[in-house]
Amino acid sequence: MRKFQKSALRFLGAAGTVTGSRYLVEWRYRRILIDCGLFQGFKQLRLRNRKSFPVRPRSIETVLLTHAHLDHSGYIPALVKAGFAGKVICTQSTAELCGLILPDSGHLQEEEASFARRKKFSVHARPEPLYTRKDAQETLLRLDLVPFDTPIDLGDGITASFIPAGHLLGAAQIRLRLGNMSLHFSGDLGRQSDPLMRPPVPFAGADVLVCESTYGNRQHEPVDAEAQLARIIRRVIGRGGTILIPAFAVGRAQGLMYHIARLRKRGEIPDVPVFLNSPMATSATEIYHRHHAEHHVSRADCTAMFELARRVRSVEESKQLNTMPFPKIIVSASGMLTGGRILHHVRSYGGDRRNAILLSGFQAGGTRGAELAAGADHLRMFGRDVPIKAEVITLGSLSGHADAGEILDWLSAAAAPPEMTYVTHGEPEAADTLRFRIKHKLGWKARVPEHLETIRLETPR
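The structure is reproduced here in structure tokens:
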């Protein structure tokens with residue numbers, strides 16, 4: 019008989035940090051993992067990816083995946099390598115995006131390990147990837163697809179429902195019913211007025227809520243994001259510069275292409291070349307074409323978004339971009355400058371004051387993107403310090419995350435408060451600020467859990 023504690027919720031990630039989303043539910047000798055993300059950012063967080071998983075992976079029966087971003091899905095291939103033999107349940111769109119993101123993650127890890135071995139800048143004699151592209155592709159065979167808003171029977175009186183969360187194609191809130199107890203996981207919540215995605219379905223209440231807090235201490239500026247973007251493009255291109263836009267290949271890249279296409283159509287920006295240097299972003303845009311029901315971009319605008327850029331696929335084409343002196347816009351992954359082709363562009367263009375680096379999304383602590391946003395004049399890349407003289411611009415109005423006010427609005431839809439709200443998936447200040455606002459504005463019980471904390475789940479009266 020298994021010896022783990024029954025009726026418990028364990029915070030194996032995203033507690034006290036905005037990354038590594040992993041929540042373990044133990045019920046009647048069953049283990050269900052909600053999300054299985056990579057830790058990113060500060061080194062002490064990234065090192066957690068290399069530690070043994072806190073419970074035996076083989077003891078976990080099911081992974082329920084809210085969405086495809088790496089901080090929610092990126093550890094699944096490592097979990098499979100370590101012995102997990104169950105199913106990963108997610109929506110159709112999430113599965114399609116994981117088909118791009120996870121193999122790409124494995125490929126990048128292989129490339130980085132190989133580069134570190136050749137250049138000898140790793141502290142390890144023979145650096146190895148956490149998992150390979152092949153590992154990720156084999157993991158995809160475990161994906162089990164479910165529709166939105168349809169309860170799924172997991173056995174032993176457990177059901178799970180996937181509820182639209184906005185934020186990203188396929189993204190879901192997950193509602194678990196354990197006998198007569200309900201747990202609700204917000205996942206990453208989208209915005210009420212996102213230019214691409216539909217808003218999240220309001221919170222309907224639950225006995226226990228686990229709520230994200232990425233922007234828990236901030237309000238998005240009430241500005242016209244397209245107008246802001248137009249001014250930036252005109253200014254930088256006008257002085258003969260190149261604009262580098264680090265962007266998540268899935269979600270953010272599509273939003274940027276949508277805005278730039280609309281601005282160009284209206285003649286509000288110069289007609290300069292736009293390069294989408296991310297094969298994954300190109301493929302993800304095709305997936306957006308196939309799932310119009312989940313977003314509110316017209317087919318015409320979706321086509322314009324897709325046709326706007328010159329798509330760069332090969333490594334050689336990517337290298338050639340660094341030798342082109344004329345003004346242009348380059349959109350490339352990764353969004354927080356943690357790896358990928360964008361680093362080579364920053365190394366080539368970052369030292370010229372005419373150029374600009376446009377940070378278009380959340381930058382987790384410990385990432386190069388966060389360093390730039392804080393005013394760093396150099397970045398550590400490829401084993402050396404690279405000077406940054408280009409203009410660095412942070413454009414928060416393009417974020418795909420609900421801000422603090424939007425999260426409170428989402429919570430307020432519930433007819434009754436949960437027994438407890440656990441505030442997770444945020445930097446410490448953001449999580450604690452949202453906890454305070456939930457307690458004092460809504461009058462709900464709320465707290466920020468500790469990493470690896472175990473909460474006993476009490477059957478409601």
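In this note's numbering, the protein residues as written are 19 to 479.
Using N, Cα and C, we set each Cβ at its ideal position, and we do this for glycine too.
Spatially closest choice to residue i from the options, by CA coordinates
{"i": "Pro218", "options": "Gly208, Ala224 and Leu56", "result": "Gly208"}
{"i": "Val73", "options": "Val349, Arg40 and Gln110", "result": "Arg40"}
{"i": "Pro405", "options": "Ala394, Ile411, Gly414 and Leu413", "result": "Ala394"}
{"i": "Trp462", "options": "Asp225, Pro345 and Arg253", "result": "Asp225"}
{"i": "Ser417", "options": "Glu468, Val43 and Met215", "result": "Met215"}
{"i": "Phe180", "options": "Ile170, Asp174, Leu186 and Leu187", "result": "Ile170"}
{"i": "His85", "options": "Val268, Ile251, Glu335 and Leu274", "result": "Val268"}
{"i": "Ala382", "options": "Leu227, Arg64 and Glu244", "result": "Arg64"}
{"i": "Val241", "options": "Ser70, Glu409 and Asp212", "result": "Asp212"}
{"i": "Val164", "options": "Leu376, Val81 and Gly259", "result": "Val81"}
{"i": "Thr112", "options": "Gly256, Ala190 and Glu79", "result": "Ala190"}
{"i": "Ser136", "options": "Met199, Gly401 and Thr477", "result": "A small fix is needed here, since residue 136 is Arg in this sequence, not Ser. Here the closest residue by C-alpha is Gly401."}
{"i": "Ala248", "options": "Thr150, Ala420 and Arg282", "result": "Arg282"}
{"i": "Thr412", "options": "Leu339, Ile261 and Leu187", "result": "Ile261"}
{"i": "Glu334", "options": "Ala311, Pro345, His309 and His362", "result": "His362"}
{"i": "His419", "options": "Glu239, Leu159, Lys152 and Arg195", "result": "Glu239"}
{"i": "Glu437", "options": "Thr477, Ile52 and Glu128", "result": "Thr477"}
{"i": "Val106", "options": "Leu161, Glu409, Ile251 and Lys69", "result": "Leu161"}
{"i": "Val290", "options": "Arg252, Ala183 and His314", "result": "Arg252"}
{"i": "Arg49", "options": "Arg331, His185, Asp153 and Gly104", "result": "Gly104"}
{"i": "Thr109", "options": "Val364, Lys457 and His309", "result": "His309"}
{"i": "Cys320", "options": "Thr442, Leu274 and Ala408", "result": "Leu274"}
{"i": "Gly259", "options": "Gly368, Lys337, Asn373 and Tyr149", "result": "Asn373"}
Rounded distance between the beta-carbons of residue j and residue i, thought under 8 Å
{"i": "Val292", "j": "Ala318", "result": "That belief does not hold up - the Cβ atoms of Val292 and Ala318 are roughly 18 Å apart, past 8 Å."}
{"i": "Asn295", "j": "Arg359", "result": "5 Å"}
{"i": "Gly379", "j": "Arg270", "result": "5 Å"}
{"i": "Phe102", "j": "Arg76", "result": "7 Å"}
{"i": "Ile255", "j": "Pro345", "result": "5 Å"}
{"i": "Leu187", "j": "Glu312", "result": "6 Å"}
{"i": "Leu355", "j": "Thr385", "result": "6 Å"}
{"i": "Val330", "j": "Ile375", "result": "Incorrect: roughly 18 Å between the Cβ atoms, too far for contact."}
Bridge partner(s) assigned by DSSP for residue i
{"i": "Phe29", "result": "Tyr41"}
{"i": "Glu409", "result": "Ala374"}
{"i": "Thr260", "result": "Lys346"}
{"i": "Met438", "result": "Val226"}
{"i": "Val404", "result": "Leu397"}
{"i": "Pro182", "result": "Ala190"}
{"i": "Met199", "result": "Leu196"}
{"i": "Asp421", "result": "Tyr233"}
{"i": "Gly387", "result": "Looking at the DSSP assignment, Gly387 forms no beta bridge with any residue, so it has no partner."}
{"i": "Asn295", "result": "Ser350"}
{"i": "Ala464", "result": "Thr439"}
{"i": "Met275", "result": "Beta-bridge pairing links Met275 to no other residue."}
{"i": "Arg474", "result": "Ala26"}
{"i": "Thr177", "result": "Asp171 and Arg195"}
{"i": "Leu8", "result": "Any question about residue 8 goes unanswered here, given that the chain covers just 19 to 479."}
Contacts around residue i, its chain only, beta-carbon distance under 6 Å, and the 5 residues preceding and following it disregarded
{"i": "Gly92", "result": "Gly55, Leu56 and Ser123"}
{"i": "Asn235", "result": "Glu447, Ala448 and Thr451"}
{"i": "Gly444", "result": "Val36, Ser231, Thr232 and Gly234"}
{"i": "Ser301", "result": "Leu118"}
{"i": "Ile473", "result": "Leu27"}
{"i": "Leu30", "result": "Arg40, Leu42 and Pro72"}
{"i": "Gly197", "result": "Gly175"}
{"i": "His202", "result": "Arg193, Ala224 and Leu227"}
{"i": "Phe431", "result": "For clarity, residue 431 is Ala in the given sequence; the question names Phe instead. Same-chain partners within the cutoff: Pro220 and Phe221."}
{"i": "Gly423", "result": "Gln237"}
{"i": "Arg195", "result": "Thr177"}
{"i": "Ser204", "result": "Gln191, Cys229 and Glu230"}
heavy atom of the ligand NAP below 7 Å from residue i C-beta
{"i": "Lys457", "result": "This structure lacks the ligand NAP, and indeed carries no ligand of any kind."}
Chain D contact for residue i (CB, 8 Å cutoff)
{"i": "Gly384", "result": "Judged by its chain identifiers, the structure shown contains no chain D, having just a single protein chain."}
Own chain, CB closer than 8 Å to residue i, minus 5 neighbours either side, in chain order
{"i": "Gln272", "result": "Leu214, Ala299, Ala302, Thr303, Tyr306 and Met323"}
{"i": "Gln23", "result": "Residue confidence for Gln23 is low, a pLDDT of 49 falling below 50, so the modelled location carries little weight and cannot support an answer."}
{"i": "Ala434", "result": "Gly223"}
{"i": "Glu468", "result": "Phe29, Ala33 and Gly34"}
Cβ-based neighbour list, residue i, same chain, cut-off 7 Å, excluding 5 preceding and 5 following
{"i": "Gln155", "result": "Pro121"}
{"i": "Gly357", "result": "Leu126 and Glu130"}
{"i": "Glu389", "result": "Leu397"}
{"i": "Arg453", "result": "Val441, Ala464, Arg465 and Val466"}
{"i": "Leu115", "result": "Ala86, Leu187, Gly188, Val268, Ala302 and Ile305"}
{"i": "Asp53", "result": "Ser39, Arg40, Tyr41, Leu83, Thr84 and His90"}
_Going residue by residue through the segment 130 to 171, where are the continuous alpha helix (DSSP H) segments of at least 4 residues, counting only ones entirely within it?_
The qualifying runs are 151 to 157.
_Uninterrupted alpha helix (DSSP H) stretches inside the segment 300 to 365 (no shorter than 4 residues)_ = 317 to 326 and 333 to 339
_At 3 residues or longer, what runs of the beta strand (DSSP E) sit wholly inside the segment 73 to 128?_
80 to 82 and 105 to 109
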